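A short write-up of the structure that comes next.
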Amino acid sequence: MLVLPRIFGPHAITATVVFNLLVLWANRAYGLGIPESHFLRYWLLNLTMVPVGHAVYEYHATERLIRPLMPLLLP
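Position one of the sequence shown corresponds to residue -8 (my numbering), numbered consecutively onward.
So this is what it looks like as structure tokens:
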């Protein structure tokens, strides 16, 4: 629970800004034809999908790191 504000806060916002700027740049540079009105949808999608993926990754990464310590904690 303690990681949720961090994941849904600065991490999600930073990743969303980066992803949207890259898509905006690619749209203009390569003429992808993505309507400007869709960028708000991408922003909202990234603010939900990025934190979920990050939380799943962090959960499994933490589990892998603490696995070797479990024998020390259990008698």
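Every residue gets a Cβ at the ideal spot worked out from N, C-alpha and C, and that includes glycine. Predicted model, so just to flag it, every value in this text is computed and none were measured.
Residue j beta carbon less than 8 Å from that of residue i
i: residue 3; j: residue 38; result: yes
i: residue 54; j: residue -6; result: no
i: residue -1; j: residue 66; result: no
C-alpha distance - residue i paired with residue j, whole-angstrom precision
i: residue 51; j: residue 62; result: 18 Å
i: residue 19; j: residue 58; result: 47 Å
i: residue -3; j: residue 44; result: 13 Å
i: residue 12; j: residue 21; result: 14 Å
i: residue 16; j: residue 29; result: 14 Å
i: residue 60; j: residue 1; result: 30 Å
Beta-carbon contacts of residue i that lie in its chain and below 7 Å, excluding the five residues immediately before and after
i: residue 7; result: 34, 37, 38, 41
Integer-rounded CB distance, given that residue j should sit under 8 Å from residue i
i: residue 9; j: residue 25; result: Contact doesn't hold; Cβ gap of about 17 Å is too wide.
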